[in-house]
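Working notes for the structure below.
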Amino acid sequence: MASLRCKCVLVGGPRVGKTALAQVFQSGGGLFPSNYSMTSAVELPGVDALRTVVLEDGSGASSTPASPVAGQVPEHKVKTPLEKALELPSASVQFFLYDTPGQPYLRELAREYVDATCVLIFVYDVTSIDSFEWIREWAELLSADNALPAVGMVVANKADKSDLRAVDADLGLHFAKSLRYPFFELAAPDASAVDAAFKHLAEAYASHYQDFVSATRALAS
Ligand SMILES: Nc1nc2c(ncn2[C@@H]2O[C@H](COP(=O)(O)OP(=O)(O)OP(=O)(O)O)[C@@H](O)[C@H]2O)c(=O)[nH]1
Ligand SMILES: [Mg+2]
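When you read off a place in the sequence shown, starting at 1, and then add 11, the result is the number in our numbering.
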C-alpha cells in the first residue's frame, strides 16, 4: 500500500473559516475555534537569528554574523503545519495542512505556499460575496502563473448561516467545475461533513498519484 504525503494549502479571505476547518479536521471534531483569532503565520525571528552573509569575490565565500541592518525585514517562517493521516483501502495519505492568513496585507505570504504540486483548498463564506470574489480572483492569478494545482477542492463554509446566505450554491459549484475541483458546502462545526470532504480529497490525491505512476511506467516500457 502506498504511503503518500500531501502538502495541503487552505486559502481564502479573512474570517471565512480556514483555521476552523483545519482544526476540526485535525482534531476529529474535538476542536472548533468559536472565538476568532486571526492567522498571521508570520513568526519574526529574534535579533540573534539575523545573519548577513558576506560573499568574498574570487576564491570562495565566507559568512559572518552581523548586526541587523535597520529596516531589514527578517525572513518569515511558516508555523508548523497541522498533520493528519487518512487510511484509504489503496493508500495512506498524510496531510500537512498549511493554514494561510486571509488578511489582504498578508496575501503575498499565502501565495508563497501555493504551487502546482500542492493540494489546494479554496474556502469562501456563503454569507459573503466578497469572499467568493476573493477566491475567484486567486484562481485567475494562479492560472495565469500556471500554478493551479491539479488536485483541490472548493469549500463553501458557514452553510449553517442559511438566513444570511449571499452566495448561491450554484455559483460555487460552477466555479469549482471550471477548475475541475469537487465542491462541498458545509459548516466547519460539522465534523463528519468536514471529514467526508477531506476523505474525497485524499482519494483524489491517491488517484492522481496512481495516474502519475502508470504514466511513468508506460514511458519506461
Ligand atoms: N457559524 C459558523 N461560524 C464559523 C464557521 N467556520 C468558522 N466560523 C467562525 O468564523 C470565525 C472565523 O473563523 P476562522 O477559522 O478563524 O477564519 P479564517 O479564515 O482562518 O480567518 P483568517 O485567519 O483571518 O484568515 C470564527 O469566529 C469561527 O468560529 C462555520 O462553519 N459556521
Ligand atoms: Mg485563520
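Glycine included, every Cβ here is placed at the ideal spot set by N, Cα and C.
Closer than 7 Å: residue i CB and nearest ligand 1 heavy atom
i       : result
Asp-171 : yes
Val-22  : no
Asn-46  : yes
Gly-183 : no
Ala-207 : no
Arg-26  : yes
His-115 : Checking the displayed sequence, the identity of residue 115 turns out to be Pro instead of His. Checking the Cβ of Pro-115 against ligand 1 gives no.
Pro-100 : no
Pro-112 : yes
Ala-198 : yes
Asn-168 : yes
Straight-line Cα distance separating residue j from residue i
i       : j       : result
Ser-189 : Arg-26  : 25 Å
Pro-193 : Ala-180 : 13 Å
Phe-43  : Leu-230 : 47 Å
Glu-214 : Leu-99  : 7 Å
Val-35  : Ala-202 : 6 Å
Lys-95  : Cys-19  : 11 Å
Gln-221 : Ser-14  : 12 Å
Gly-113 : Met-164 : 17 Å
Ser-73  : Glu-123 : Bear in mind that a pLDDT of 38 at Ser-73, under 50, signals an unreliable position, so the number given afterwards is only what the model happens to contain. If I take the Cα positions, the gap works out to 29 Å.
Asp-59  : Asp-126 : Note on Asp-59: pLDDT 34, under 50, position unreliable in the model; the coordinate value appears next. Those two C-alpha atoms are separated by around 31 Å.
Ala-102 : Asp-136 : 32 Å
Cys-17  : Asp-110 : 14 Å
Asp-141 : Val-134 : 12 Å
Val-84  : Leu-117 : For Val-84, the predicted model reports a pLDDT of 37, less than 50, meaning its position is unreliable; a value from the coordinates is still stated below. Answer to the nearest angstrom: the Cα atoms are 14 Å apart.
Ser-38  : Thr-30  : 12 Å
His-211 : Thr-138 : 25 Å
Ala-150 : Ala-158 : 9 Å
Met-12  : Phe-106 : 17 Å
Ala-198 : Val-22  : 16 Å
Leu-108 : Asp-156 : 23 Å
Gly-205 : Leu-32  : Position check: residue 205 holds Val in this sequence, whereas Gly was assumed. Cα-Cα distance, rounded: 7 Å.
Boundaries of the alpha helix (DSSP H) in which residue i is found, first to last residue
i       : result
Ser-142 : 140 to 155
Leu-99  : Here Leu-99 belongs to no alpha helix (DSSP H), and DSSP marks it neither H nor E.
Ala-127 : Careful: Ala-127 lies outside any alpha helix (DSSP H) and carries neither H nor E.
Extent of the continuous beta strand (DSSP E) to which residue i belongs
i       : result
Leu-131 : 130 to 136
Open item on the list: Which residues end up in the neighbourhood of ligand 2 when you take C-beta atoms closer than 6 Å to any of its heavy atoms?
Closed with: Close to ligand 2, as judged by a C-beta nearer than 6 Å to any of its heavy atoms, are the residues Lys-29, Thr-30, Thr-50, Asp-110, in chain order.
TODO: Report the residue ranges of all beta strand (DSSP E) runs contained in full by the segment 159 to 215; include only those spanning at least 3 residues, in chain order.
DONE: If we require 3 residues or more, the beta strand (DSSP E) runs fully inside the segment 159 to 215 come out as 163 to 168, 194 to 196.
Task: Ranges of the beta strand (DSSP E) found wholly within the segment 13 to 58, counting only runs of at least 3 - done: As for any beta strand (DSSP E) of minimum length 3 sitting wholly inside the segment 13 to 58, the runs are 13 to 22, ordered along the chain.
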